[in-house]
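Colleague:
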Amino acid sequence: MRKTIESKKQATIALVGNPNSGKTSIFNLLTGLQQKTGNFPGITVDKKVGTVPINKDQSFKLIDYPGAYSFYPNAQDERLVVQSFCNPEEEDFPDAFIYIADITKLDKHLLLFSQIQDIGKPVVLGLNMADLAEKENCLVDHQKLSKKINAPVVLTSGRTGEGKKELVKIAEDLLNDNNFKPSKGFRALSQPEKQVAKKIKPLFPGTNDYQAVLIAHHHEWLDFLSKDQKETIADIVQAEDFESLKIQVEDTMYRYNHFTPLLKDVNCVTKDSISKFTERVDRILTHKIIGPLIFFAIMFSVFHAIFVWASYPMDWIDAGFGWIVNTLNSTMPDSWFTHLLTDGVLAGLGGILVFIPQIAILFFLISLLEEAGYMARVVYLFDSIMQKFGLNGRSLIALISSSACAIPAIMSTRTISNWKERLITILVTPLISCSARIPVYTVLIAFAFPAKTVGGIFNLQALAFMGLYLLGIAFAFIFALIFKWVLKKNEYSFLMLELPDYKLPMLRNVGLNVWDKVRAFVMEAGKIILFISIILWVLANFGPTGKMQAAEQEAITFAATEQLSESDTENLIASKKLEASFAGVLGKAIEPAVQPLGFDWKMGIAIITSFAAREVFVGTMATIYSIGSDAEEFSVREQMARERNPITGEAMYNTATSVSLLIFYVFAMMCMGTLAVVKKETGSWKWATLQFFFMTGLAYLSSFVVYNWLS
Numbered sequence: 000m001r002k003t004i005e006s007k008k009q010a011t012i013a014l015v016g017n018p019n020s021g022k023t024s025i026f027n028l029l030t031g032l033q034q035k036t037g038n039f040p041g042i043t044v045d046k047k048v049g050t051v052p053i054n055k056d057q058s059f060k061l062i063d064y065p066g067a068y069s070f071y072p073n074a075q076d077e078r079l080v081v082q083s084f085c086n087p088e089e090e091d092f093p094d095a096f097i098y099i100a101d102i103t104k105l106d107k108h109l110l111l112f113s114q115i116q117d118i119g120k121p122v123v124l125g126l127n128m129a130d131l132a133e134k135e136n137c138l139v140d141h142q143k144l145s146k147k148i149n150a151p152v153v154l155t156s157g158r159t160g161e162g163k164k165e166l167v168k169i170a171e172d173l174l175n176d177n178n179f180k181p182s183k184g185f186r187a188l189s190q191p192e193k194q195v196a197k198k199i200k201p202l203f204p205g206t207n208d209y210q211a212v213l214i215a216h217h218h219e220w221l222d223f224l225s226k227d228q229k230e231t232i233a234d235i236v237q238a239e240d241f242e243s244l245k246i247q248v249e250d251t252m253y254r255y256n257h258f259t260p261l262l263k264d265v266n267c268v269t270k271d272s273i274s275k276f277t278e279r280v281d282r283i284l285t286h287k288i289i290g291p292l293i294f295f296a297i298m299f300s301v302f303h304a305i306f307v308w309a310s311y312p313m314d315w316i317d318a319g320f321g322w323i324v325n326t327l328n329s330t331m332p333d334s335w336f337t338h339l340l341t342d343g344v345l346a347g348l349g350g351i352l353v354f355i356p357q358i359a360i361l362f363f364l365i366s367l368l369e370e371a372g373y374m375a376r377v378v379y380l381f382d383s384i385m386q387k388f389g390l391n392g393r394s395l396i397a398l399i400s401s402s403a404c405a406i407p408a409i410m411s412t413r414t415i416s417n418w419k420e421r422l423i424t425i426l427v428t429p430l431i432s433c434s435a436r437i438p439v440y441t442v443l444i445a446f447a448f449p450a451k452t453v454g455g456i457f458n459l460q461a462l463a464f465m466g467l468y469l470l471g472i473a474f475a476f477i478f479a480l481i482f483k484w485v486l487k488k489n490e491y492s493f494l495m496l497e498l499p500d501y502k503l504p505m506l507r508n509v510g511l512n513v514w515d516k517v518r519a520f521v522m523e524a525g526k527i528i529l530f531i532s533i534i535l536w537v538l539a540n541f542g543p544t545g546k547m548q549a550a551e552q553e554a555i556t557f558a559a560t561e562q563l564s565e566s567d568t569e570n571l572i573a574s575k576k577l578e579a580s581f582a583g584v585l586g587k588a589i590e591p592a593v594q595p596l597g598f599d600w601k602m603g604i605a606i607i608t609s610f611a612a613r614e615v616f617v618g619t620m621a622t623i624y625s626i627g628s629d630a631e632e633f634s635v636r637e638q639m640a641r642e643r644n645p646i647t648g649e650a651m652y653n654t655a656t657s658v659s660l661l662i663f664y665v666f667a668m669m670c671m672g673t674l675a676v677v678k679k680e681t682g683s684w685k686w687a688t689l690q691f692f693f694m695t696g697l698a699y700l701s702s703f704v705v706y707n708w709l710s
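Residues 0 to 710 in numbering that gives the first Met the number 0 are what the sequence shown lists, from first letter to last.
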């Protein structure tokens with residue numbers, strides 16, 4: 000072991016465990032990173048890496064792997080775990096393992112632990128949720144258990160921080176080779192396994208017998224194997240009459256039969272009050288009629304809160320940016336740089352950052368539901384319904400996660416074992432409105448629906464907001480059904496899901512998740528908006544030679560003829576110059592394509608720029624409408640409300656146009672990042688291209704129908 004560690008600059012330790020074991024909470028505790036946590040499976044769908052300091056001179060790399068039940072995977076994320084531990088040549092192959100298990104469910108959580116022991120690396124068992132077990136008088140003799148399983152055992156709690164020092168001390172022992180011995184293994188191989196291992200090991204230097212057997216089991220899909228290696232292993236498996244499925248069943252039964260007696264006098268079995276409380280609540284929340292009604296009531300409450308709770312902080316942010324712009328305009332010289340800063344950069348950023356309170360509220364409430372364990376019940380509750388549409392109960396996790404962002408939601412489909420169910424989920428997930436659409440919805444709903452109360456308790460705009468989400472959900476299911484028929488999906492998978500006990504949310508985890516999401520929104524959207532705002536400002540302030548000067552002279556002549564005021568004259572000049580600018584030329588070229596939907600050239604520009612990210616729509620409008628003598632006096636919403644149709648003189652953002660835009664953004668594939676991750680997860684541009692065209696076509700057709708119906 001000394002040679003292995005000293006050959007590296009830094010030791011690498013893998014953090015593994017079953018879903019719902021609290022593994023990612025321990026990762027956050029040890030590394031301080033802000034990884035998402037939740038009380039349902041599918042949170043970690045890729046490896047997360049962090050550094051844990053030991054002292055001023057030493058640290059170790061900690062890798063958080065997706066939750067898995069065993070080395071016989073049923074889903075893509077479990078395959079990642081198996082593949083990583085089959086291949087010693089993989090970068091960051093662990094020097095040791097920290098295995099996190101739910102202290103109250105050891106009889107279910109030790110299968111994977113026993114398999115990891117057979118890899119031959121040092122293994123530490125962390126018994127998590129020790130604080131909850133202690134409250135229930137549910138004690139485990141961890142020292143006795145340590146002797147029985149031949150591995151160090153530490154009591155841990157992601158909630159209280161218990162066990163952190165002990166885990167770091169064990170890592171220090173590993174780093175300094177202080178009697179930290181490799182695992183002796185849990186199970187001796189059978190004769191067929193030995194024969195196969197004997198022939199496969201020479202092909203992969205560094206593997207032990209058990210890893211060679213795993214390669215034999217899974218050679219058909221292991222990515223690190225070449226085509227020739229797969230064929231060679233297939234020949235070995237066939238020659239040795241290696242019955243993979245039979246051996247997997249026998250191996251699993253052997254492990255359960257041998258570690259279950261080990262837990263007899265050390266296991267925690269007293270959990271009556273927690274279990275009884277969970278059972279009582281589940282009778283209501285998972286009821287086939289009451290359960291869905293409660294779910295929709297909760298979702299409406301979330302949408303209502305987004306509108307009602309966020310109004311004051313949004314006004315404060317709006318006023319703050321207005322004050323900054325006015326201050327800069329009054330103190331800085333009247334130069335191109337001042338206008339770029341105020342009319343370009345700050346206008347674009349202010350137009351989008353005002354929606355931070357709504358983003359924060361959405362993630363705060365969803366995180367509370369995840370942490371409490373409610374989302375796992377939602378998966379269970381809707382599984383039978385999802386099956387009818389060619390989906391899976393786990394598909395609901397992706398669909399709900401998409402309300403935050405479609406990119407991690409699509410990645411979370413790795414927990415779906417059936418390929419066609421996973422593909423259908425990937426194709427329809429972007430139809431669920433994500434948080435990036437919130438700024439667009441908020442601005443446009445104010446034009447389409449009055450701010451009034453319906454039925455004495457319901458906010459009409461909140462109802463409209465929820466309606467847009469439900470519309471996306473409805474069409475997601477419709478297209479899932481279509482894809483089910485097109486892809487001829489006849490086989491069905493079965494949902495295997497452990498429902499965790501309800502628990503009080505850890506506000507630290509909730510806070511970290513909210514901070515992480517808001518920060519990502521600000522940093523990622525902010526960079527895009529900053530770049531596009533600068534480009535738009537340049538396009539809007541410069542134009543083809545002579546055209547802007549001619550437009551300015553035309554406006555001056557018209558203003559003199561009509562005897563317009565000084566302020567109106569300046570606004571007219573700004574408007575005419577904008578139309579003559581490069582931005583105006585581009586917008587006018589786009590306008591014939593979007594005019595049938597009720598959109599003008601300014602909206603056309605915003606639609607094009609928002610393909611980078613949906614929320615850029617508002618930033619684009621803020622930049623375009625920042626031009627004029629009194630622009631700094633009004634927010635982007637007020638500027639859009641003042642916009643008039645040059646032909647009819649009516650408000651540009653009337654009900655028909657606003658609803659048409661809303662419908663367009665409900666359905667349109669307006670995100671390059673989503674297309675990229677679809678290509679990555681499906682392994683082909685074919686599905687990403689299909690997704691783009693069917694969603695964009697649906698958006699255009701729906702918007703056309705709605706606009707002409709309401710006009």
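Beta carbons: idealized from backbone N, C-alpha and C, even for Gly.
Taking valine 705 and isoleucine 662 to be in contact with their CB atoms under 8 Å, please state how far apart those CB atoms are, rounded to whole angstroms.
Modeller: As a working note, residue 705 is residue 706 in the sequence shown. As a working note, residue 662 is residue 663 in the sequence shown. With 8 Å as the limit, valine 705 and isoleucine 662 qualify as a contact, their Cβ atoms being about 5 Å apart.
Colleague: Please identify the residue among Val301, Ala309, Gly349, Glu165 whose C-alpha is closest to the C-alpha of valine 324.
Modeller: As a working note, residue 324 is residue 325 in the sequence shown. Selected option, being the one with the closest Cα: Gly349.
Colleague: Is it true that the CB of isoleucine 99 sits closer than 8 Å to the CB of glycine 160?
Modeller: Counting from one through the sequence shown, the residue named residue 160 turns up at place 161. Counting from one through the sequence shown, the residue named residue 99 turns up at place 100. Taking 8 Å as the Cβ cut-off, glycine 160 and isoleucine 99 do not qualify as a contacting pair.
Colleague: I believe alanine 479 touches phenylalanine 388 by the beta-carbon criterion, under 8 Å. Please report the beta-carbon distance rounded to the nearest angstrom.
Modeller: One-based indexing of the sequence shown puts residue 479 at position 480. One-based indexing of the sequence shown puts residue 388 at position 389. About 4 Å; that satisfies the 8 Å criterion.
Colleague: Tell me the residue span of the beta strand (DSSP E) that contains valine 427.
Modeller: As a working mapping, residue 427 is identified with position 428 in the sequence shown. No beta strand (DSSP E) contains valine 427, which is instead part of the alpha helix (DSSP H) from 418–427.
Colleague: With distances taken between CB atoms, is the gap from glutamine 357 to threonine 441 smaller than 8 Å?
Modeller: Mapped onto the sequence shown, residue 357 falls at position 358. Mapped onto the sequence shown, residue 441 falls at position 442. Yes. Within cutoff.
Colleague: Measure the C-alpha to C-alpha separation of isoleucine 355 and threonine 326 and round it to an integer number of angstroms.
Modeller: As a working mapping, residue 355 is identified with position 356 in the sequence shown. As a working mapping, residue 326 is identified with position 327 in the sequence shown. About 23 Å.
Colleague: How many angstroms separate the CA atom of isoleucine 555 from the CA atom of phenylalanine 598?
Modeller: On the sequence shown, position 556 is the one that residue 555 refers to. On the sequence shown, position 599 is the one that residue 598 refers to. Rounded to the nearest angstrom, the two C-alpha atoms are 28 Å apart.
Colleague: I'd like the ranges of any beta strand (DSSP E) spanning at least 3 consecutive residues and lying wholly in the segment 145–206.
Modeller: Segments of the beta strand (DSSP E) lying fully in the segment 145–206: 152–154.
Colleague: I need the straight-line Cα distance from glutamine 75 to phenylalanine 295, nearest angstrom please.
Modeller: Working through the sequence shown from its first residue, we reach residue 75 at position 76. Working through the sequence shown from its first residue, we reach residue 295 at position 296. Cα to Cα, the separation comes out at about 30 Å.
Colleague: For isoleucine 12, name the three-state secondary structure that DSSP assigns.
Modeller: Within the sequence shown, the letter at position 13 stands for residue 12. Strand, per DSSP.
Colleague: Kindly indicate which three-state DSSP category aspartate 629 falls into: helix, strand or coil?
Modeller: Sequence index remark: in the sequence shown, residue 629 carries index 630 (1-based). Below a pLDDT of 50, predicted positions are generally treated as unreliable, and aspartate 629, at 47, falls in that range; no measurement from the model is reported.
Colleague: In the DSSP output, what is asparagine 458 paired with across the bridge?
Modeller: Taking the first residue of the sequence shown as position 1, residue 458 is located at position 459. DSSP output for asparagine 458 lists Thr452 as bridge partner(s).
Colleague: Please go through the segment 32–113 and give each complete alpha helix (DSSP H) segment of 4 or more residues, from N-terminal end onward.
Modeller: Counting only runs of 4 or more, we get 75–85.
Colleague: To the nearest angstrom, how far is it from the Cα of tyrosine 501 to the Cα of threonine 277?
Modeller: One-based indexing of the sequence shown puts residue 501 at position 502. One-based indexing of the sequence shown puts residue 277 at position 278. When rounded, the distance between both Cα atoms is 6 Å.
Colleague: Could you say which of Asn458, Leu284, Ser400, Leu166 lies nearest to leucine 364 if we only look at CA atoms?
Modeller: Your numbering for residue 364 matches position 365 in the sequence shown. Answer by Cα proximity: Ser400.
Colleague: Taking DSSP as the reference, what is the three-state secondary structure of alanine 667?
Modeller: In the sequence shown, the residue the question calls residue 667 occupies position 668. Of the three classes helix, strand and coil, the one that applies to alanine 667 here is coil, per DSSP.
Colleague: Quick one: Cα of threonine 337 to Cα of serine 432, how far?
Modeller: To locate residue 337, count along the sequence shown from 1; it is residue 338. To locate residue 432, count along the sequence shown from 1; it is residue 433. The alpha-carbon atoms of threonine 337 and serine 432 are separated by roughly 37 Å.
Colleague: Would you check if the segment 44–60 and the segment 163–173 touch, i.e. whether three or more CB-CB distances between them fall below 8 Å?
Modeller: Contact between the segment 163–173 and the segment 44–60 is present, because at least three Cβ pairs lie under 8 Å.
Colleague: Should alanine 447 be listed as close to the ligand FAD, given that the test is whether its C-beta is under 7 Å from any heavy atom?
Modeller: The ligand FAD is not among the ligands present in this structure, which contains no ligands whatsoever.
Colleague: What residues are listed by DSSP as bridge partners for asparagine 127?
Modeller: Taking the first residue of the sequence shown as position 1, residue 127 is located at position 128. Answer is Asp101, bridged to asparagine 127.
Colleague: Assign aspartate 629 to one of two classes, buried (16 or more other C-beta atoms within 10 Å of its C-beta) or exposed (fewer than that).
Modeller: On the sequence shown, position 630 is the one that residue 629 refers to. Low confidence applies to aspartate 629: its pLDDT is 47, below 50, so where it sits in the model is not reliable enough to give any reading.
Colleague: In the DSSP assignment, find the alpha helix (DSSP H) that holds glycine 696 and state where it starts and stops.
Modeller: One-based indexing of the sequence shown puts residue 696 at position 697. Element bounds for glycine 696: 684–709.
Colleague: Hey, how far is the Cα of phenylalanine 530 from the Cα of glycine 510?
Modeller: Position 531 of the sequence shown, counting from 1, holds the residue named residue 530. Position 511 of the sequence shown, counting from 1, holds the residue named residue 510. In a straight line, the C-alpha of phenylalanine 530 is about 30 Å away from that of glycine 510.
Colleague: With DSSP collapsed to three states, give me the class of alanine 519.
Modeller: Position 520 of the sequence shown, counting from 1, holds the residue named residue 519. Of the three classes helix, strand and coil, the one that applies to alanine 519 here is helix, per DSSP.
Colleague: Should the segment 280–294 be called in touch with the segment 143–162, which here means at least 3 C-beta pairs below 8 Å?
Modeller: No: fewer than three Cβ pairs fall under 8 Å.
Colleague: If you drop the 5 nearest sequence neighbours on each side, which residues of the same chain put their C-beta closer than 7 Å to that of valine 212?
Modeller: Within the sequence shown, numbered from 1, the residue matching residue 212 stands at position 213. Within the same chain, valine 212 has close Cβ partners Leu188, Glu192, Val195, Ala196.
Colleague: I'd like to check one pair, alanine 579 with glycine 542: are the Cβ atoms closer than 8 Å?
Modeller: If you number the sequence shown from 1, residue 542 lands on position 543. If you number the sequence shown from 1, residue 579 lands on position 580. The answer is yes: Cβ separation under 8 Å.
Colleague: Which same chain residues end up closer than 6 Å to serine 710 when comparing Cβ atoms and leaving out the 5 residues on each side of it in sequence?
Modeller: Within the sequence shown, residue 710 is the residue found at index 711, counting from 1. Result list for serine 710: Ala655, in chain order.
Colleague: Report the partner residues of valine 677 according to the DSSP bridge assignment.
Modeller: One-based indexing of the sequence shown puts residue 677 at position 678. Beta-bridge pairing links valine 677 to no other residue.
Colleague: Starting from the Cα of isoleucine 668, find the closest Cα among Ile406, Tyr379, Met522, Ala346 and give me that residue.
Modeller: To locate residue 668, count along the sequence shown from 1; it is residue 669. Note that residue 668 is methionine in the sequence shown here, rather than isoleucine. Among Ile406, Tyr379, Met522, Ala346, the Cα nearest to that of methionine 668 is on Ile406.
Colleague: Is the segment 675–693 touching the segment 417–425, taking contact as three or more C-beta pairs under 8 Å?
Modeller: Segments in contact, yes.
Colleague: Comparing alpha-carbon positions, which option in Ile97, Tyr71, Phe70 lies nearest isoleucine 62?
Modeller: Along the sequence shown, one-based indexing puts residue 62 at 63. Ranking the options by Cα distance to isoleucine 62, first place goes to Ile97.
Colleague: From methionine 374 to phenylalanine 691, what distance separates their C-alpha atoms?
Modeller: As a first step, residue 374 is located in the sequence shown; it is residue number 375 there, counting from the start. As a first step, residue 691 is located in the sequence shown; it is residue number 692 there, counting from the start. Taking the straight line joining both Cα atoms gives about 29 Å.
Colleague: Taking all protein chains shown into account, do 16 or more other C-beta atoms lie within 10 angstroms of the C-beta of asparagine 707, making it buried, or fewer, making it exposed?
Modeller: To locate residue 707, count along the sequence shown from 1; it is residue 708. Exposed, because fewer than 16 other Cβ atoms sit within 10 Å of the Cβ of asparagine 707.
Colleague: Of the residues Phe112, Thr428, Phe381, which one's Cα is nearest the Cα of leucine 284?
Modeller: In the sequence shown, the residue the question calls residue 284 occupies position 285. Closest by alpha carbon: Phe381.
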